[in-house]
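Residue numbers (the numbering used here), protein chains in the order written: chain A, 1 to 200; chain B, 1 to 485. For each residue, glycine too, the CB sits at the ideal point set by N, CA and C.
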Amino acid sequence: MEKITTHTGIGVPLRQSNVDTDQIIPAVYLKRITRTGFEDALFAGWRKDSAFILNQEPFSKGSVLVAGPDFGTGSSREHAVWALKDYGFKAVLSSRFADIFRGNSGKQGLVAAEVAQSDIELIWKEIENHPGTEVTVDLEARTVTCGSIIAPFAIDDYTRWRLMEGLDDIGLTLQHEEEVTAFEAQRPAFKPTTLPARYS
Amino acid sequence: MAAHQAAQTLAEKVWNAHVVRKGDGAGAARQPDLIYIDLHLVHEVTSPQAFEGLRLAGRPLRRPDLTIATEDHNTPTLDIDKPIADLTSRTQIETLRKNCAEFGVRLHSLGDKEQGIVHVVGPQLGLTQPGMTVVCGDSHTSTHGAFGALAFGIGTSEVEHVMATQSLSLKPFKTMSINVEGTLKPGVTAKDIILAVIAKIGTGGGQGYVLEYRGSAIRALSMDARMTICNMSIEAGARAGMIAPDATTYEYLKGRPHAPQGADWDSAVAEWDTLATDEGASFDAEVFLDADTLEPFVTWGTNPGQGVSLSETVPAPEDFEDENARAACERALEYMDLKAGTPMKEIRVDTVFLGSCTNSRMEDLRAAAAIIQGREKDPEIRMIVVPGSARVRLEAEAEGLDKIFKDFGAEWRFAGCSMCLGMNPDQLAEGERCASTSNRNFEGRQGKGGRTHLVSPLVAAATAIRGTLSSPSDLDAPAASAKAA
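Here it is in structure tokens:
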């Protein structure tokens with residue numbers, strides 16, 4: 001994973017709450033077996049509407065999505081994060097993220113920055129009144145800067161550290177493989193296994 | 001979920017029994033715990049990139065014997081003996097078959113008697129048991145919490161992580177108790193309980209929590225009904241939902257193919273009996289719901305928290321104080337093509353969908369069949385019945401339920417996720433309105449431009465008869481001739 005400490009890019013206002021992962025990427029795009037190439041699928045339903053924010057300049061070139069509360073609810077599809085990243089987004093700001101979406105973001109190097117709704121409102125005004133205004137997300141300082149607005153954001157310490165170091169989770173866990181093996185050795189015998197298969 | 005020496009909740013006990021390695025540090029800086037995973041369920045949509053990741057890194061799948069796969073999201077529910085017409089769907093399913101063969105994973109393919117929705121298959125094989133940790137690249141993995149397992153959905157990166165290490169790095173969840181006391185009125189079901197819970201705490205209310213459903217109304221529920229409740233925990237934002245195992249759980253499990261046998265059964269039950277939340281254990285949050293006054297619950301909007309009792313009317317944006325909720329209501333009314341103030345019972349639907357991991361088990365099919373038997377379907381209504389698994393389909397046919405559905409004029413399909421998310425050909429057309437026993441009423445979820453009302457199987461059945469959203473209490477008595485059947 002690429003290391004990230006700060007990112008600066010055009011802020012995109014998405015004035016909507018409960019943006020679920022079915023909206024971020026409709027199920028029909030989940031049939032692909034690749035991990036990249038999902039940029040066309042991002043908000044595919046909404047992008048058919050010419051008034052949608054990503055169909056407006058300069059927002060189409062945005063890389064910091066500023067959304068309403070409860071972003072990323074619903075399905076666990078990591079494709080939602082892949083689509084945001086493939087489109088060019090590096091960070092999403094919201095006052096509340098769904099747990100699985102937040103976790104998926106951390107694994108894929110998309111910064112999910114939890115910003116108070118009052119600050120989201122200020123940033124919305126700024127980037128709507130001055131389209132093209134850049135937003136800086138600083139992981140080191142845990143702040144979001146937009147024009148004269150400087151707002152703190154919350155992010156889990158461990159996720160922040162992994163993002164800043166660009167660390168691969170599986171590699172980290174495999175450093176403790178002996179402990180996994182030791183745990184396995186003392187699991188109760190009655191715990192089920194899928195193999196050999198038994199049938200009714 | 002700190003490791004209390006004293007009183008612990010169900011969720012804390014299961015968590016603590018699976019800690020391979022405690023995270024270093026303390027407070028906010030504490031690193032995640034490494035948690036052992038007892039069962040990994042796999043399906044075709046969220047696994048291809050994970051298998052590919054293993055292959056690229058040259059890593060084996062650590063425990064094929066704790067992993068099981070099934071085909072469900074993409075599978076057609078008609079003509080299942082023919083090649084899958086949609087090429088991308090077919091490729092995804094063929095990819096799963098190749099990956100399972102390569103990595104030694106047990107797979108139940110389309111046409112197999114154990115194929116079906118991953119969350120129906122695990123329990124019916126007896127693989128889901130109390131006190132386990134269960135994961136799957138699917139948010140409705142919370143279903144398995146009905147057995148007192150800690151079960152939750154994960155993303156594809158985590159799927160790969162579990163494949164490689166049989167463990168996950170996780171920060172402990174907070175705990176929330178959902179107390180449902182009292183007795184449900186006839187015609188009110190588990191689905192109504194969970195829709196009411198979500199409307200009460202909101203789609204973000206459970207965020208960061210494991211919900212534990214407790215109280216006399218929960219204890220009285222069957223396993224099928226408990227699965228319906230835990231299934232939709234994610235719709236309240238919670239990662240998982242749990243119900244302490246009891247005699248109902250054991251009765252369901254005993255004799256299932258992968259349930260413990262002989263002396264193992266006794267050791268297992270002895271252990272399972274220790275799982276219930278200790279007296280005096282404290283939850284981080286508590287919610288109370290009165291089962292006595294609950295009515296059939298339905299959604300009017302485009303998220304599962306936008307629901308009301310069936311006897312109420314469509315709300316108006318002004319009914320909401322919060323600015324975001326007001327805007328969400330306005331947008332939902334427009335998408336759903338509904339006017340504020342319309343009685344829910346006057347909303348006419350085009351399609352009734354009985355199926356999904358929420359409501360596609362035997363009890364759901366039996367309940368709907370009992371309502372429609374001897375009654376006539378509204379001629380304008382299309383009703384699709386999709387059993388949760390091939391085995392549920394077979395059992396239902398053995399009981400003659402298929403005949404009841406077909407005589408009524410409903411379509412009796414093969415097993416899969418089907419119209420819950422329309423990855424296969426079962427989709428709503430633009431503007432089509434559906435009473436659906438599934439779990440998500442998001443814009444376009446069941447087909448582009450489709451409109452979804454989430455309902456219980458009983459409401460689905462009554463709606464198919466009357467043509468408008470209805471409960472069984474709105475129906476006339478069935479024709480006498482059919483009553484004896």
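Is the beta carbon of residue i less than 8 Å from the beta carbon of residue j?
i                     : j                     : result
residue 69 (chain A)  : residue 105 (chain A) : no
residue 66 (chain B)  : residue 136 (chain B) : no
residue 492 (chain B) : residue 119 (chain B) : Residue 492 (chain B) lies beyond the range of chain B shown here (1 to 485); nothing can be said about it.
residue 341 (chain B) : residue 199 (chain B) : no
residue 239 (chain B) : residue 74 (chain A)  : no
residue 133 (chain B) : residue 35 (chain B)  : yes
residue 355 (chain B) : residue 419 (chain B) : yes
residue 30 (chain A)  : residue 79 (chain A)  : yes
residue 407 (chain B) : residue 464 (chain B) : no
Return the chain-ordered list of same chain residues with a C-beta closer than 7 Å to the C-beta of residue i, the five sequence neighbours on each side being excluded.
i                     : result
residue 146 (chain A) : 11, 123, 126, 127, 133, 135
residue 369 (chain B) : 401, 404, 405
residue 330 (chain B) : 317
residue 3 (chain B)   : Note that residue 3 (chain B) scores 48 on pLDDT, short of 50, meaning its location in the model is unreliable and no value can be drawn from it.
residue 206 (chain B) : 176, 233, 236, 237, 238
residue 142 (chain A) : 152, 153, 155
residue 483 (chain B) : For residue 483 (chain B), the predicted structure reports a pLDDT of 43, less than 50, and the residue's modelled location is therefore unreliable. The matter cannot be settled from this model.
residue 59 (chain B)  : 164
residue 367 (chain B) : 457, 458
Excluding the 5 residues flanking residue i on each side, which residues of the same chain have their C-beta closer than 6 Å to its C-beta?
i                     : result
residue 301 (chain B) : 332
residue 385 (chain B) : 354, 405, 410, 412
residue 335 (chain B) : 302, 443
residue 25 (chain A)  : 41, 79, 80, 83
Let me check one thing: in DSSP terms, what residues is residue i bridge-paired to?
i                     : result
residue 147 (chain B) : Paired residue(s): none; residue 147 (chain B) is not in a bridge.
residue 179 (chain B) : B:214, B:288
residue 383 (chain B) : B:352
residue 340 (chain B) : Paired residues: none, contrary to the question.
residue 67 (chain B)  : B:40
residue 408 (chain B) : Note: residue 408 (chain B) sits in no beta bridge, so no partner.
residue 434 (chain B) : B:351, B:452
residue 174 (chain B) : B:209
residue 468 (chain B) : B:348
Leaving out five residues on either side along the sequence, give the residues of the same chain with a beta carbon under 8 Å from the beta carbon of residue i.
i                     : result
residue 140 (chain A) : 5, 6, 164
residue 36 (chain A)  : 82, 86
residue 203 (chain B) : 235, 236, 237, 303, 304, 305
residue 395 (chain B) : 362
residue 155 (chain B) : 46, 137
For chain A, is any of its Cβ atoms less than 8 Å away from the one on residue i?
i                     : result
residue 68 (chain B)  : yes
residue 421 (chain B) : yes
residue 324 (chain B) : yes
residue 260 (chain B) : yes
residue 483 (chain B) : Note that residue 483 (chain B) scores a pLDDT of 43, beneath 50, so its modelled location is shaky; the value from the coordinates is reported in the next line. Not an interface residue.
residue 358 (chain B) : no
residue 55 (chain B)  : no
residue 65 (chain B)  : yes
residue 154 (chain B) : yes
residue 319 (chain B) : no
Would a check of beta-carbon distances place residue i closer than 8 Å to chain B?
i                     : result
residue 175 (chain A) : no
residue 100 (chain A) : yes
residue 74 (chain A)  : yes
residue 89 (chain A)  : no
residue 47 (chain A)  : no
residue 180 (chain A) : yes
residue 78 (chain A)  : yes
residue 103 (chain A) : yes
residue 156 (chain A) : yes
residue 186 (chain A) : no
residue 107 (chain A) : yes
residue 170 (chain A) : yes
**Q.** Near-chain D residues of the region 2-28 of chain A (beta-carbon distance less than 9 Å), N- to C-terminal order
**A.** Among the protein chains of the structure shown, namely A and B, there is no chain D.
Q. Which residues, in chain order, does the region 299-314 of chain B contribute to contact with chain A at a C-beta distance below 7 Å?
A. Answer in chain order: 303.
Q | Selection of the region 15-37 of chain B by Cβ proximity to chain A, strictly under 7 Å | A | Cβ contacts with chain A come from 20, 21, 28, 29, 31, 32, 34, 36.
Q: Anything in the region 111-130 of chain B with a Cβ closer than 9 Å to a Cβ of chain A? List those residues in chain order, please.
A: Within the region 111-130 of chain B, the qualifying residues are 113, 114, 124, 125, 126, 127, 128, 129.
(Q) What are the residues in the region 160-174 of chain B lying within 8 Å of chain A by C-beta distance? (A) Answer set for the region 160-174 of chain B: 160, 161, 164, 165, 166, 167, 169, 171.
Q) Mind listing which residues of the region 208-227 of chain B have their C-beta closer than 7 Å to chain A's C-betas, in chain order? A) Flagged, chain order: 208.
Q) Of the residues that make up the region 431-456 of chain B, which ones have a beta carbon closer than 8 Å to any beta carbon in chain A? A) Listed by position, the residues of the region 431-456 of chain B near chain A (Cβ gap below 8 Å) are 440, 442, 443, 444, 445, 448.
Q | Interfacial residues, the region 131-153 of chain A to chain B, with Cβ spacing under 9 Å | A | Within the region 131-153 of chain A, no residue qualifies.
Q: Would you list, in chain order, the members of the region 30-63 of chain A that have their beta-carbon closer than 8 Å to a beta-carbon of chain B?
A: Of all residues in the region 30-63 of chain A, 30, 31, 32, 33, 34, 35, 45 have a Cβ within less than 8 Å of some Cβ in chain B.
**Q.** Selection of the region 258-289 of chain B by Cβ proximity to chain A, strictly under 8 Å
**A.** Going along the region 258-289 of chain B in chain order, one finds 258, 259, 260, 264, 265, 267, 268, 271 with a Cβ nearer than 8 Å to chain A.
Q. What are the residues of the region 380-407 of chain B that lie near chain A, defined by any Cβ-Cβ distance shorter than 9 Å?
A. Taking a C-beta cut-off of 9 Å against chain A, the contacting residues of the region 380-407 of chain B are 391, listed in chain order.
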